[in-house]
Structures are given as C-alpha cells and as structure tokens.
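Some notes on the structure that comes next.
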Ligand code: IPE
Ligand code: IPE
Ligand code: MG
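Residue numbers (the working numbering): 17 to 264.
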C-alpha cells in the first residue's frame, strides 16, 4: 500500500514563477569545449570553474535553496593520472581563492561522496570550508566529489545491515525513510531538477535514488558556456512541467 503524499513539494504545479528548491547539475562537456578550440582539456576545466562561479551566483539570486554540482565522480579516477591531477589542482586553487568569498556571500558549503579519499590537504581545505560556512543560510552549495550513487547505496546498505546485526533495527521496520535518513543527502530538501549539459542523455551514477521523481533536463550547451541565462531557461522549463508522482 503506497500512502498518498502529504508533502507540499509533492503537489503538482504549473506556475511559471515556480522556483525549484533543489537543483542538481551534471557539469559535462569541458573536454569538448577545449577540443573545439584546439586547447588542452585543462583549459575547458578552467573555463568550467568560471561557469561554476557564475551559476552559483545566479542560483542564489534566483532563490534556489540547494545547488548540487557533480564535480568528480567515483568513476572519474579512470581518467589519465595527469587529468585527475589537473582537476584536483583546480579544485585546490578554487577552494583557496573562493572559500572566504563563499562565506561572505552567505553560502553554506557541503560535500557528498567519499571525499576523504582525496589528497589530505584537499580534505582539510574542504573541512575548513564546510566548517566556516556551516551557519550560512542563503544558498546551500553541495559539491559531489568522489561521488557515485551506487557507492552511496552500498554504504547505506552496510549501515542498515550493521544495525540489524546488532539488534538495533528490525528488518521489518526498514522503509523508504530508513534509507533516506542514511543517504549523503539526508539533510537536504527533495531533488526537484537535474540538468545535464553537453547533450549526453544519461545520469552517469549521479543521485539515482534521489532522482526518482526529479524532473530531468538534458541540454546541448557545453558546461563552460553555461551561466545565468541557461539556468534561468532551465528553471522556466521546470516551471512548465507538471509533476504527478504517480497520482492524477
Ligand atoms: C566534465 O567535463 C568535467 C568532469 C567530468 C570532471 P568532461 O571532462 O567530462 O568533458 P567531456 O565530456 O570530455 O567533453
Ligand atoms: C559525469 O560526467 C561526471 C561529472 C560531470 C563529474 P562524465 O563525463 O564522467 O560521464 P560519462 O563518462 O560521459 O558518462
Ligand atoms: Mg564528460
């Protein structure tokens, strides 16, 4: 028996002014942006980092509550070591340069994924940024780093199995809420909209559980070309969608 949804976010809507609370973006196409200009891939990643800054500012101005950005997947370790090092170097540089700016602008930084596997200095920088921005409320900016939805669900399953083995949890009592309370996203509002840039039409192991009833938007723009106009267009498209959650 599936209970009717009581959550107000579950109500269908058609209002053009409706702003999604939680938007997630698969920021794809940096490499192709660079190749099209006969530049090294890192040039695309650098331009991609500029697009992150513009998009974060635009999201805050539009009143989006949570912006989750897929920055490095658990599968991206398969890339050549030099590209992984370039991506980590860029993350390090951006964190050093932007951490205080993020704090001053009222943004709260969070990370999903097993980021403790990154270089220790990066883990420390991330922990510092998370700590100094923890009380900010204007926009929650979530970076998915070494994130994979399948890993996340394995992690949740292990926690549930441990609790059951210890006798703290009766398997009969496991429900959707049990799983949601153990996801990396447990303290975030439900995912409303997933945007993927660059024309690829797949989720690439991103927020598989959370995307159950999210609206999906695949656009051809390459990530370095994304910005406030593209975000505005995405939110307008979202506002035209009718969410039904299996009901009528
Ligand atoms: C997205 O751009 C950045 C990361 C995955 C870190 P890509 O590097 O995947 O760019 P394409 O897909 O090769 O164009
Ligand atoms: C998804 O992009 C991961 C990030 C944007 C961080 P990829 O470029 O890694 O995805 P695939 O390999 O094309 O599926
Ligand atoms: Mg890609």
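Idealized CB from N, CA, C, for every residue including glycine.
Every value quoted in this text rests on a predicted model; they were computed, and no experiment measured them.
- Under the three-state reduction of DSSP, residue 38 is assigned to strand.
- At the C-beta level, residue 39 and residue 208 come within 9 Å of one another.
- Taking a contact as a CB-CB distance under 8 Å, the pair residue 76 and residue 155 counts as one, their CB atoms being some 4 Å apart.
- DSSP places residue 231 within a strand segment (E or B) once states are collapsed to three.
- In the structure shown, residue 143 adopts helical secondary structure according to DSSP, grouped into three states.
- With a threshold of 16 other beta carbon atoms within 10 Å, residue 103 meets it and is buried.
- Where residue 176 is concerned, the enclosing alpha helix (DSSP H) starts and stops at 165 to 181.
- Annotated three-state conformation of residue 73 is helix, per DSSP.
- Ranked by how close their Cα comes to the Cα of residue 203, the residues 210, 193 and 164 have 193 in first place.
- Contact check for residue 145 and residue 125: beta-carbon distance about 5 Å, within the 8 Å limit, so the pair qualifies.
- Proximity annotation: ligand 1 has residues 44, 45, 46, 47 and 48 in chain order, each selected because its CB is closer than 5 Å to a heavy atom of the ligand.
- In the structure shown, residue 254 adopts helical secondary structure according to DSSP, grouped into three states.
- In the three-state reduction of the DSSP assignment, residue 55 falls in the coil class, being assigned neither a helical nor a strand state.
- At a cut-off of 8 Å, the beta-carbon of residue 92 counts as near ligand 2: some heavy atom of the ligand is closer than that.
- The alpha-carbon separation between residue 88 and residue 189 amounts to approximately 35 Å.
- Relative to the Cα of residue 263, the nearest Cα in the group 136, 92, 229 and 82 belongs to 229.
- Going by C-alpha positions, residue 166 is about 22 Å away from residue 139.
- The way I'd put it, the region 43 to 61 doesn't touch the region 125 to 137; fewer than three beta-carbon pairs between them come closer than 8 Å.
- C-alpha of residue 80 to C-alpha of residue 35: approximately 7 Å in a straight line.
- No Cβ-Cβ contact shorter than 9 Å links residue 67 with residue 106.
- In this structure, residue 86 has its beta carbon less than 8 Å from a heavy atom of ligand 2.
- The Cβ atoms of residue 58 and residue 211 do not sit closer than 9 Å to each other.
- Residue 114 has its CB no nearer than 8 Å to any heavy atom of ligand 3.
- The bridge partners DSSP lists for residue 220 come to none.
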